[in-house]
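So the first sequence is numbered by the working numbering: it starts at 43 and just counts up by one.
Glycine included, C-beta positions come from ideal geometry on N, C-alpha and C.
First the structure, in the form of structure tokens, and then the observations on it.
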Amino acid sequence: MSKHIIFHIDVNSAYLSWEAAYRLQQGDSLDLRSVPSVVGGDPLTRHGIVLAKSIPAKKYDIKTGETLYSALSKCPDLIIAKPNYLLFRQCSQALGDILKEYSPLIQQFSVDEYFVDFTSLDQLWGDPLKAAYLIKDRVKNELGFTVNIGISTNKLLAKMASEFQKPDKVHTLFSEEIPEKMWPLPIEELFMVGRATSQKLLSRNIKTIGDLAHTDPRILRTTLKSHGILIWNYAHGIENSPVRPGGRVKVKGMGNSTTLPFDVDSRKEAHLVLLSLVETVSARLRHDQYFAQLVAVSFRTHEFLSYSHQRKISHPTDCTNEIWEIACELFDELWKGQPLRHMGVRVSELCHNDFLQLSFFERDYEKDRKIDQTIDVIRERFGSHSIMRSSYLHSGLKAMTGGVIAEEEYPMMTSLL
DNA sequence: TCTGGGGTCCTAGGACCC
DNA sequence: TCTGGGGTCCTAGGACCC
Numbered sequence: 043m044s045k046h047i048i049f050h051i052d053v054n055s056a057y058l059s060w061e062a063a064y065r066l067q068q069g070d071s072l073d074l075r076s077v078p079s080v081v082g083g084d085p086l087t088r089h090g091i092v093l094a095k096s097i098p099a100k101k102y103d104i105k106t107g108e109t110l111y112s113a114l115s116k117c118p119d120l121i122i123a124k125p126n127y128l129l130f131r132q133c134s135q136a137l138g139d140i141l142k143e144y145s146p147l148i149q150q151f152s153v154d155e156y157f158v159d160f161t162s163l164d165q166l167w168g169d170p171l172k173a174a175y176l177i178k179d180r181v182k183n184e185l186g187f188t189v190n191i192g193i194s195t196n197k198l199l200a201k202m203a204s205e206f207q208k209p210d211k212v213h214t215l216f217s218e219e220i221p222e223k224m225w226p227l228p229i230e231e232l233f234m235v236g237r238a239t240s241q242k243l244l245s246r247n248i249k250t251i252g253d254l255a256h257t258d259p260r261i262l263r264t265t266l267k268s269h270g271i272l273i274w275n276y277a278h279g280i281e282n283s284p285v286r287p288g289g290r291v292k293v294k295g296m297g298n299s300t301t302l303p304f305d306v307d308s309r310k311e312a313h314l315v316l317l318s319l320v321e322t323v324s325a326r327l328r329h330d331q332y333f334a335q336l337v338a339v340s341f342r343t344h345e346f347l348s349y350s351h352q353r354k355i356s357h358p359t360d361c362t363n364e365i366w367e368i369a370c371e372l373f374d375e376l377w378k379g380q381p382l383r384h385m386g387v388r389v390s391e392l393c394h395n396d397f398l399q400l401s402f403f404e405r406d407y408e409k410d411r412k413i414d415q416t417i418d419v420i421r422e423r424f425g426s427h428s429i430m431r432s433s434y435l436h437s438g439l440k441a442m443t444g445g446v447i448a449e450e451e452y453p454m455m456t457s458l459l
């Protein structure tokens, strides 16, 4: 079996770079990337966290995920831009379009990451390293933002390589380079080692990826179960999942959740929020022609405690009203009256149902189906806010909450890589 | 003006069945 | 006398990713 050549393409500070490139293109003279700046939500509606930061902002020790309040206290002159998700999606797709010219085997891994299988494409494009530079520079010149490209023989090592020095760089991380390039790194920089795992490893004095690689995997197994074996393999560069081209991986579930602009403390209001979440979830369900057999609600209280409650339902459904009724039931069973800052609805156990089975004991949802269909058509034609239930008037709540339907959904994090 | 939103996978414990 | 044991399904919570 011949060795694979895999590229991992990672947009540098994606949201921030995209916004910066857009502003320059609009005639703005300031490049956000050259000053301390972040993309972040609106603190007034309690969405105030850093989504992406410029390299100068990083010098102030500003971190992704921290509050804007805290970021501003570190750097009072910080420039804050609002996220423009439509722009982000367009930039993401434009990058994918360029990559497709080089290989048919590309996989979108997230909004700002792609894997490209370059195996046996060197006859076409020459030396992989040269090709990577070519791609990187083309993206910079044509799209106005920079990427890092990592090159190796599997996805894990390619991804680790793209994390090396930024921005606008190409790095390799082949097996023989692992001790020199990867083992000195702190443990938390290994893919799949998050906060909880790094805490456990540090308490056992495992500080670097090299330390992890040289730990007896049986010890890891006892403390971290199968995850311990996974990261031990990763520390040795062992990983062999294929680059999945094009077509979507089967989606397992879909959900919408939102942090509310104010604490919700009445049942009626909570039910209204649930409806606004169910409206988008069920519309996505219908758009992708799925039915769900499991409904889950979750919330986070004012004290930041999280709860969830789920139930399998007797027959698959995509009906707004039906899912809403179940969500309300679940909510009522779970909620003890705490003030709520965040609420979510998620459906899963999806199936394609070409025919609808109606049990004798279920109520007839045929009328609801017709209404759902009609509303979907109106919203598609005139926008998602063109029609809403009157109960939202003066409620201070949005009638639909959550992401818009993406024209072209990409497969999200599938099993690990 | 403190702390997003979208996912997937794993684990533990209980119910239930044979 | 004592307290099987394996399998599956369901649920809640936690871990990780971007």
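Considering only residues of the same chain and omitting the five flanking positions on each side of residue i, which have a CB-CB separation below 7 Å?
i: K249; result: P228 and I229
i: K45; result: T195
i: G82; result: G90, I91, V92, L93, L110 and I122
Check whether the Cβ atoms of residue i and residue j sit closer than 8 Å, and answer yes or no.
i: V181; j: I140; result: yes
i: L382; j: T343; result: yes
i: T161; j: I47; result: yes
i: L254; j: M296; result: no
i: I280; j: L232; result: no
i: E367; j: H351; result: no
i: R421; j: S432; result: no
i: Y349; j: F341; result: yes
i: G318; j: A136; result: According to the sequence provided, residue 318 is Ser. The question's Gly does not apply to it. No. Outside cutoff.
i: C370; j: L439; result: no
i: V339; j: F373; result: yes
i: S145; j: D159; result: yes
i: K116; j: Y127; result: no
i: V212; j: Y175; result: yes
i: E391; j: L336; result: yes
i: I261; j: W225; result: no
i: T188; j: P209; result: yes
i: W312; j: M385; result: According to the sequence shown, residue 312 is Ala rather than Trp. Yes, they are a contact pair.
Ordered along the chain, which non-local residues of its own chain (more than five positions away) have a Cβ less than 6 Å from that of residue i?
i: N363; result: D410
i: H50; result: F157, G192, A200, K201 and S204
i: Y452; result: The predicted position of Y452 is uncertain, since its pLDDT is 40 and thus under 50; a value taken from the coordinates is nonetheless stated next. Hits under 6 Å: Q150.
i: W9; result: Because the chain is modelled from 43 through 459, residue 9 falls outside the range shown and cannot be assessed.
i: T300; result: T443
Is residue i helix, strand or coil when you go by DSSP?
i: Q335; result: strand
i: L266; result: helix
i: F144; result: Here residue 144 turns out to be Tyr, not Phe, going by the sequence shown. Of the three classes helix, strand and coil, the one that applies to Y144 here is coil, per DSSP.
i: I248; result: coil
i: W274; result: helix
i: K105; result: coil
i: F49; result: strand
i: R431; result: coil
i: D159; result: strand
i: Y407; result: coil
i: I177; result: helix
i: F187; result: coil
i: A441; result: coil
i: L347; result: coil
i: Q352; result: strand
i: P98; result: helix
i: V291; result: coil
i: F424; result: helix
i: S59; result: helix
i: T257; result: coil
i: I193; result: strand
The alpha helix (DSSP H) spanning residue i covers which residue range?
i: T362; result: T362 to L376
i: H329; result: R309 to H329
i: Q165; result: D164 to W167
i: L114; result: L110 to K116
Can you tell me where the beta strand (DSSP E) with residue i in it begins and where it stops?
i: Q68; result: No beta strand (DSSP E) holds Q68; DSSP gives it neither H nor E.
i: D210; result: Premise fails: D210 is in no beta strand (DSSP E) and is neither H nor E.
i: M224; result: Where M224 is concerned, there is no enclosing beta strand (DSSP E), given that its DSSP letter is neither H nor E.
i: A203; result: No beta strand (DSSP E) holds A203; the alpha helix (DSSP H) holding it covers K197 to S204.
i: K95; result: V92 to K95
i: S390; result: L382 to C393
i: I121; result: I121 to A123
i: D305; result: G295 to V306
i: G82; result: S79 to G82
Starting from the C-beta of residue i, find all residues in its chain whose C-beta is less than 8 Å away, skip the five residues before and the five after it, and write them out in chain order.
i: L129; result: W60, E61 and Y64
i: T214; result: L171, G192, I193, S194 and A203
i: V80; result: L58, V92, L93, A94, K95, S96, A99, I104, L110, A113, L120, I121, I122 and A123
i: L86; result: P303
i: V323; result: M296, G297, N298, I365, V387, R388, V389 and G444
i: K242; result: T265 and L266
| With contact counted as at least three CB pairs below 8 Å, one residue from each stretch, are the segment 69–89 and the segment 161–174 in contact? | no
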